[in-house]
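Have a look at the structure below, then the notes.
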Amino acid sequence: MKDIKPIQSKIAEYQKKNKRIFATSSFQSHSIPLLHLLSKIDNSIPIYFLNTAYLFPETIQFKDDLANRLGMNFIPLRSPLPKSQQRDKNGQLLFTSDPDYCCYLNKTLPLEPLLKSMDVWINGIRADQNSYRAGLKEEEATPQGASRYHPLLDWSSKDIHDYRVQYDLPSHPLEKKGYLSIGCEPCTRSVFEGNDERSARWFGMNKIECGIHTDLIKK
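So, in structure tokens, the structure goes:
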């Protein structure tokens, strides 16, 4: 079982320095340990979620169930551009023709103002999820001036599983149908047997990140 004391100490250090802290979550099964940890450390830390208007209904219901279970308040962030206006020159919704720009409008753009007004962004990315994340550090700067803190960066999928088992934490309802990495409904499919959990995101595209973990890191 992973030692969580370093995470507790780091958050206590931020709070002692009066840092304005927030976290984000996508409410996947592997997101739950971080939410559980934060609920035990300080459940007043605001938790934001990117409501892209493309999330699975099961994700929204799971979010509501977790709010009740953990006693936490989850705050939605939405794109300033309505979904109906997110179309290309042919009138097609952007996820069909320009998924990078769709992700920018619905994920990166809503987060940028928050990174200008807050000091520390806690998120649950892990190095074992893909080669890009494997190259990140536990703390990174953002272009907007806030810091990123990745407390679970060195956790493995087994560490996540063991934590969930120890605390009897629930699974996303789509996991039993083979959805192991869950994002927006149009760009997510179930995982083929033998493939890694991230392989079903943006399937068939030359894309492994939505932008918030690439554009929102200071180069």
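Numbering-wise, numbering that gives the first Met the number 0 puts 52 at position 53 of the sequence shown, and it's gapless, one number per residue. In this text, a Cβ means the ideal position worked out from N, Cα and C, and glycines have one as well.
{"query": "Whether or not the stretch 108 to 116 and the stretch 87 to 100 are in contact is what I'm after, with contact meaning three or more pairs of Cβ atoms, one per stretch, closer than 8 angstroms; do they touch?", "result": "no"}
{"query": "How is the beta strand (DSSP E) around T95 delimited, first residue to last?", "result": "Here T95 belongs to no beta strand (DSSP E); instead the alpha helix (DSSP H) covers L93 to S96."}
{"query": "Using only the alpha-carbon positions, how far apart do K4 and N17 sit?", "result": "20 angstroms"}
{"query": "Determine contact between the stretch 130 to 138 and the stretch 147 to 155, defined as no fewer than three beta-carbon pairs at a distance below 8 angstroms.", "result": "yes"}
{"query": "Using the Cβ count rule (16 or more neighbours within 10 Å means buried), how would you classify D214?", "result": "buried"}
{"query": "With DSSP as the reference, identify every bridge partner of W120, one or two as the case may be.", "result": "F21 and R147"}
{"query": "Applying the 10 Å Cβ sphere with the 16-neighbour rule, what's the burial state of I10?", "result": "buried"}
{"query": "According to DSSP, Y47 sits in a beta bridge with which residue or residues?", "result": "T23 and I74"}
{"query": "Just to confirm my understanding: we take S116, look at its own chain, exclude 5 residues before and 5 after, and list those with CB closer than 8 angstroms. What are they?", "result": "R19"}
{"query": "Helix, strand or coil for R163? Go by DSSP, reduced to three states.", "result": "helix"}
{"query": "Shortest alpha-carbon distance to P142 belongs to which of D118, V164, H160 and C102?", "result": "D118"}
{"query": "Across the stretch 92 to 104 and the stretch 40 to 49, are there enough close Cβ pairs to call them in contact, namely three or more that are closer than 8 angstroms?", "result": "no"}
{"query": "Pick helix, strand or coil for E111, following the three-state DSSP scheme.", "result": "helix"}
{"query": "Roughly how many angstroms separate the alpha carbons of D63 and S28, rounded to a whole number?", "result": "14 angstroms"}
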